[in-house]
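Per my numbering, the very first residue in the sequence shown carries number 442; after that it's consecutive. Ideal Cβ positions, reconstructed from N, Cα and C, are used throughout, including at glycine. Quick caveat: nothing in here was measured; it's all calculated off a predicted structure. A quick write-up on the structure given underneath.
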Amino acid sequence: MKKILTVISIFIIFIFAFLIFEKVFPSEVYVIKSIFSSNHKNNFPVSESYYEEKYTNLNELIKNGAEINNSLMLINSEHPLPKDYSPDLVDLGDIYINSCAEQAYKNLSQEIKNSFNNSLYIMSAFRTLDEQIEILESGNEYAASADSSEHLSGLALDVYVKHYAGMGFLDSEEGQFVNSICHDYGFIIRYPYYGEHITKIPYEPWHIRYVGLPHSKIIAENNLTLEEYIESFIPNKIYYYENYFISRGKADSLLIPKGFSDITISPDNTGYYIITGKH
Ligand SMILES: [Zn+2]
Numbered sequence: 442m443k444k445i446l447t448v449i450s451i452f453i454i455f456i457f458a459f460l461i462f463e464k465v466f467p468s469e470v471y472v473i474k475s476i477f478s479s480n481h482k483n484n485f486p487v488s489e490s491y492y493e494e495k496y497t498n499l500n501e502l503i504k505n506g507a508e509i510n511n512s513l514m515l516i517n518s519e520h521p522l523p524k525d526y527s528p529d530l531v532d533l534g535d536i537y538i539n540s541c542a543e544q545a546y547k548n549l550s551q552e553i554k555n556s557f558n559n560s561l562y563i564m565s566a567f568r569t570l571d572e573q574i575e576i577l578e579s580g581n582e583y584a585a586s587a588d589s590s591e592h593l594s595g596l597a598l599d600v601y602v603k604h605y606a607g608m609g610f611l612d613s614e615e616g617q618f619v620n621s622i623c624h625d626y627g628f629i630i631r632y633p634y635y636g637e638h639i640t641k642i643p644y645e646p647w648h649i650r651y652v653g654l655p656h657s658k659i660i661a662e663n664n665l666t667l668e669e670y671i672e673s674f675i676p677n678k679i680y681y682y683e684n685y686f687i688s689r690g691k692a693d694s695l696l697i698p699k700g701f702s703d704i705t706i707s708p709d710n711t712g713y714y715i716i717t718g719k720h
C-alpha cells in the first residue's frame, strides 16, 4: 500500500512539474514544426496568448519605427507585381538587388568564402520589365508572363560559382551547400524540387529568393513553397517561432503582441501585410 502511494505521489509531482515547465517555457518551436509537417493548411499553429496582444495599423507601426520592405511579396502568375511597383535597389557592382536582401547576401557569400575559399557570384538579380520580356522571348526562363518574374523585384538572385552554373551549380560542393544552408541566411530555394506541382516552375537550384528570417527557416524545415507558406497564415492570428512572432492582416487592422521590437512589415501581394517582430 505504501509503495502504491509513493508511486502515485511521484506521478502527481511529475505532472505538476511538467505543467509549470510548459507555462514558463512554452514549446512554440515544437508546435509550429509539428503542425506544419502534418496538415498545415487547416492546422497552422495559433497563438495561445503567451503575450498580451493589441490591434494597431500600418501608419502607427511605421511611426513607431517599424521597417517596411517587400521581402514577403508573393510573385507568381496569379499574383503579378503591381504596375506601379518600383523596388528599392542597391548596386552590388553592375548587379542590382533589393536593398532588404543586401546584408543577408553579403553574409551568405562570406560564408562561401570562409568554408570553401571560393566566390559566390550573381548571374542575374534585378531586371527591368523590358529585360524580362526579352529573356522570355528568347525562351530562357520559365515564367507565365514577364510581370510574374521575381527578378523584377530584385529579391531573386541567380547565383553560381566559377564553372558551375544553372543545374550544374548542384555539381559543386558550394552549390549543394547553398541549397542546404541558404535558409539560415534568410533565403529560400524558391522553386524547390518538391514544389513543382504548386509553383508550376521546374526545380531551379540556382534561384534563391530573399524572404528574411525566420520565414526562410520555417519554409525550409517544413518543405513548403512560398505559395503554401503565405496562404497558411490566418489573418489576425499571431504565430510564434523561436524568439519571433509573425502575424498577417489588413493595413488598418494588424494584431501584434506587446513587448516585441525589431518589427518589419511587408505586403504579401495578396492584399495583406505580414508583420514580423523579434524579442
Ligand atoms: Zn532566376
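Taking only heavy atoms of ligand 2 into account, decide whether any of them is closer than 6 angstroms to the Cβ of residue i.
| i | result |
| --- | --- |
| D599 | With respect to ligand 2, the structure offers nothing, as its ligand set consists of ligand 1. |
Between which two residues does the beta strand (DSSP E) carrying residue i extend?
| i | result |
| --- | --- |
| H638 | Unbroken run through H638 is the alpha helix (DSSP H), 637-640; no beta strand (DSSP E). |
| V619 | Note, V619: premise wrong, no beta strand (DSSP E); alpha helix (DSSP H) at 614-622. |
| I630 | 628-630 |
| I679 | 679-682 |
Taking the alpha carbon of residue i as the point to measure from, which residue in the options has its own alpha carbon closest?
| i | options | result |
| --- | --- | --- |
| Y644 | P528, S702, L611 | L611 |
| T569 | A545, N539, N559, E552 | N539 |
| S594 | G580, G718, L522 | L522 |
| G616 | L561, G627, F567 | L561 |
| G609 | D703, Y492, I660, W647 | W647 |
| S518 | C541, Y583, L502, N500 | Y583 |
| I706 | T497, K444, Y492 | T497 |
| S673 | E683, N684, I659, S694 | I659 |
Starting from residue i, trace the alpha helix (DSSP H) in both directions and tell me its first and last residue.
| i | result |
| --- | --- |
| S565 | Here S565 belongs to no alpha helix (DSSP H); instead the beta strand (DSSP E) covers 562-565. |
| K554 | 543-557 |
| G580 | Where G580 is concerned, there is no enclosing alpha helix (DSSP H), given that its DSSP letter is neither H nor E. |
| L667 | 667-673 |
| A606 | First-last for A606: undefined, no H or E at that position. |
| A597 | A597 -> not in any alpha helix (DSSP H); beta strand (DSSP E) instead, spanning 597-601. |
| S657 | 656-662 |
In its own chain, which residues sit with a C-beta less than 7 angstroms from the C-beta of residue i, not counting the 5 before and 5 after it?
| i | result |
| --- | --- |
| N710 | M514, L515, I516, H520 |
| S613 | V602, Y605 |
| L696 | E494, Y496, N677, I679, S688, G690 |
Among the residues of its own chain, which have a CB less than 6 angstroms from the CB of residue i, if the five just before and after it don't count?
| i | result |
| --- | --- |
| S468 | Unreliable placement is indicated for S468, whose pLDDT of 40 sits below 50; no coordinate value is reported for it. |
| T666 | G636, I639, T640 |
Excluding the 5 residues flanking residue i on each side, which residues of the same chain have their C-beta closer than 8 angstroms to its C-beta?
| i | result |
| --- | --- |
| V465 | Note that V465 scores 43 on pLDDT, short of 50, meaning its location in the model is unreliable and no value can be drawn from it. |
- prompt: Can you give, in chain order, each stretch of the alpha helix (DSSP H) that sits fully within the region 693-719 and has at least 4 residues?
  reply: Within the region 693-719, no complete alpha helix (DSSP H) run reaches 4 residues.
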